[in-house]
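> Chains as they are written, first to last, in our numbering: chain A, 152 to 415; chain B, 23 to 286. Ideal placement from N, C-alpha and C gives every residue a C-beta, glycine not left out. Before anything else, here's the structure in question.
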Amino acid sequence: MNLRKYLKVYKKFIHTSLASELEYKTNILIDLITAILSLIGSIFLLSIFFQNNGYIGGWKFEQALIIQGIYTILNGITNTWFNPNLTEIVKHIREGTLDFVLLKPIDSQFFISLKKINPSGFLEIILGFFLLFFCIRINQINLNLGFLTLSLITISCSICILYSLWFFISTTTIWFVKTWNATEVLRSFLYIGRFPLNSFSFSLRIFFSVFIPIAFITTIPSEVFLGLSQFWKIYLEVIVATLFLITSRKFWLFALKFYSSASS
Amino acid sequence: MKSNLINRKIFTLLKVQYSNMLEYRVEIALWAISGIIPFFMLNIWTNNNLNESINISNVMLSRYFLCAFFVRQFSVVWVVFSFEEDSLMGKVSPYLIQPLNPFFRYFAQHLAEQITRFPFALIIAFFFFIINPESIWIPNLVIFILSILSTFLSFLIQFLIQSIVACLCFWTEKASSIERLLFIPTLFLSGLLAPVVSFPAYVKSWIYLTPFPYLIDFPANLLSGNETNIAGGLSMQILWIFLLLPLFKKIWSEGTKKYTAMGS
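Okay, here's the thing in structure tokens:
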């Protein structure tokens, strides 16, 4: 019953935001070119690293491309769902319109995280899948059911971690009001997700797996693709993802207690 | 008399914008942090001994990336985003009535932000030197002044390019997606992620004809004491400014003719 209501509301969300985004059709074309150029650029950068070395952090060029593919998919998801919605939180709080969200008979986190959708991110997701299929060909990975479920589990965990990170930072807006740039900091940290974790020095590796678990987001799914991953790593990723989801939810409810609406 | 008036205008604009910027100190500190991608790149380069193949020592490379960080900090431009917001909100109309091109206002905003940002950039550099004490160096005075000049010229080039893109707002209303498209070659070709010397020969053959290597690679090489053609680089920067300035003037005068205020 409840689930059906949420599904119905979500359909309306998709409908309205697609209608407003499709008004700027040339924008979508430009975004497509941007996504393609950005992928070419990162492969170019990767090829510079590999031009005189066979391995980086124990990864071959063909294997590092898998990380690039997964990064592109996740970046597309960020651009489609997380970025347009969570930057909206900042606006809600600054302009005091969060009151209207809280008054609605619907979960506020649901409303705030899924209200908008930006269709140009889809193109990036498709590009990422193309690159992944290409990588499966050149790395001669044989597809079977176990492999598919494992990669699906790890990638969905990555999406959960990514969402929680974004949501966490946007929630802090309730105290700091202007946190546009905090999301920029997260964005620049996420940039290292394009490279294998082992190519960084030990201290950075620790930082990016303990404090900000970017390591889990791209490296572990790619290891699953190559069949290199140990089971404890996958378990760990699942645990981290659930922990992050639960704490981000708790943190949102906690933060709402401190929200004083626009004129109070 | 007239020059006195212009002086006073510049001084007032700067003072207003500087106090404006000081209100958002945390935001600017966060923005400074979000520029640390060059340090992650440095970590990949030195951790995998990639620099041996391009004949740059570890110390010189770390100086290069530190300088790249600094040049980027003082040449960040966001005029297109401000202008797009102002033009969508209809704030451009009152600016147009004033006897001052509104781009001077944005220009002062950028300069004020750079002044605010300076101490934060210094703190980041201080931490960098604590971690890498062997890379401390003192450039001689002439080089230092020249590199400040070339950083400023790089800022000017980027400011002009973005202002030209911003003027497209008069026609399309959403010019920021064009800016995001232009940002991709800037990111990968300017030397922020990898020094231009490391690029493969097929890119090096044409890249020096584009403005990109003069945005970060040239000033960073100059300041860090890496090998570079000083006279050639500076004259190319000035050449690009002379090419872009009339273009901006042209598109500005065309655009303001095209401009229709809100409600008309």
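Taking CB distances under 8 Å as the criterion, tell me whether Ser286 of chain B reaches chain A.
With a pLDDT of 48 at Ser286 of chain B, under the threshold of 50, the predicted position of this residue should be treated as unreliable, though the coordinate-derived value follows. So no, Ser286 of chain B is outside the interface.
> For Leu88 of chain B versus Ala51 of chain B, is the C-beta distance shorter than 8 Å?
Not in contact: Leu88 of chain B and Ala51 of chain B (Cβ atoms no closer than 8 Å).
> Looking at C-alpha atoms only, which residue of A:Lys266, A:Gly297, A:Phe395 and A:Leu274 is the closest neighbour of His166 of chain A?
Considering only alpha carbons, the answer is A:Lys266.
> Along the region 211-228 of chain B, what residues have a CB closer than 9 Å to any CB found in chain A?
Answer in chain order: Leu211, Leu215, Ala216, Ser220, Phe221, Pro222 and Val225.
> Trp210 of chain A bridges to which residues according to DSSP?
According to DSSP, which records beta bridges pairwise, Trp210 of chain A is partnered with A:Ile207.
> With a threshold of 16 other CB atoms inside 10 Å of the CB of Lys162 of chain A, please say whether the residue is buried or exposed.
Burial call: exposed.
> Can you pull the chain A residues whose beta carbon is under 7 Å from the beta carbon of Ile200 of chain B, in chain order?
Under the 7 Å cutoff, chain A gives Ile181.
> Would DSSP call Lys176 of chain A helix, strand or coil?
In this structure, Lys176 of chain A counts as helix in the three-state DSSP scheme.
> For Val114 of chain B, decide whether its Cβ has a neighbour in chain A, counting only Cβ atoms nearer than 8 Å.
It does not; no Cβ of chain A falls within 8 Å.
> Under three-state DSSP, which class holds Trp274 of chain B?
Correct three-state label for Trp274 of chain B: helix.
> Suppose you measure from the CA of Trp53 of chain B to the CA of Leu296 of chain A; what does that come to, to the nearest Å?
The alpha-carbon atoms of Trp53 of chain B and Leu296 of chain A are separated by roughly 45 Å.
> Identify the contact partners of Ser56 of chain B in chain A, using a Cβ-Cβ distance below 8 Å as the criterion.
Here the neighbours are Asn332, Glu335, Val336, Arg338 and Ser339.
> Please decide whether Thr173 of chain B counts as near chain A, where near means a Cβ-Cβ distance under 8 Å.
Taking Cβ atoms only, chain A never reaches closer than 8 Å to Thr173 of chain B, which makes this a no.
> Can you give me the C-alpha to C-alpha distance between Ser109 of chain B and Leu407 of chain A, rounded to a whole angstrom?
Distance between the alpha carbons of Ser109 of chain B and Leu407 of chain A is about 34 Å.
> Looking at the C-beta of Leu158 of chain A, does it have a partner C-beta in chain B at a distance below 8 Å?
Chain B, which has no Cβ nearer than 8 Å to the Cβ of Leu158 of chain A, makes this no.
> For the 8 Å Cβ check, are there 3 or more pairs between the region 232-244 of chain A and the region 189-199 of chain A?
As far as the Cβ criterion goes, the region 232-244 of chain A does not touch the region 189-199 of chain A, which means the pair count is below three.
> Are the CB atoms of Gln259 of chain B and Ser176 of chain B within a distance shorter than 8 Å?
Yes, the pair counts as a contact, with Cβ atoms nearer than the cut-off.
> Under three-state DSSP, which class holds Glu107 of chain B?
In the structure shown, Glu107 of chain B sits in a helix (DSSP, three-state: H, G or I).
> Looking at the structure shown, is Phe382 of chain A part of a helix, part of a strand, or coil, going by DSSP?
Three-state DSSP puts Phe382 of chain A in a helix.
> What are the start and end residues of the alpha helix (DSSP H) that includes Asp258 of chain A?
Note, Asp258 of chain A: premise wrong, no alpha helix (DSSP H); not H, not E.
> Should Gly254 of chain B go down as buried or exposed, given a rule of 16 or more other Cβ atoms within 10 Å for buried?
So Gly254 of chain B counts as exposed.
> At a Cβ threshold of 8 Å, is Thr278 of chain B touching chain A?
False, the Cβ-Cβ gap to chain A never drops below 8 Å.
> Roughly how many angstroms lie between the CA atoms of Ile217 of chain A and Asn77 of chain B, to the nearest whole one?
Those two C-alpha atoms are separated by around 30 Å.
> Strictly under 8 Å for the Cβ-Cβ distance: is Val102 of chain B near chain E by that measure?
Checking the listed chains, one finds no chain E in this structure; the protein chains it contains are A and B.
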